[in-house]
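In our numbering, the protein residues as written are -16 to 63.
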């Protein structure tokens, strides 16, 4: 999926420890890599994991990732 996705909190503590972005199975497949663009000059690459509780069009991050990539929830992230 390319475009803007709604940023959310990671759905499980176990997934929070992986340092991966978490998405719906409807958007991407586990193991893919995405570039998250939060501002014109800030891009971050994440490996993707899927979880059934993440809504389509949503990308979830662990709390330690949010300050690093300058996200606050609710927020949005561009996935080119």
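From the three backbone atoms N, C-alpha and C, an ideal C-beta is built for every residue, glycine too. Quick caveat: nothing in here was measured; it's all calculated off a predicted structure.
- Here residue 5 has -7, -6, -2, 31, 32, 33, 34, 37, 42, 43 and 44 as same chain residues with Cβ atoms under 8 Å from its own Cβ, once five neighbours each way along the sequence are excluded.
- Per DSSP, reduced to three states, the secondary structure at residue 48 is helical.
- For residue -1, the enclosing alpha helix (DSSP H) starts and ends at -4 to -1.
- Counting of Cβ neighbours within 10 angstroms places residue 19 among the buried residues, the total reaching 16 or more.
- Minimum Cα-Cα distance from residue 15 among the listed residues 7, 22 and 25 corresponds to 7.
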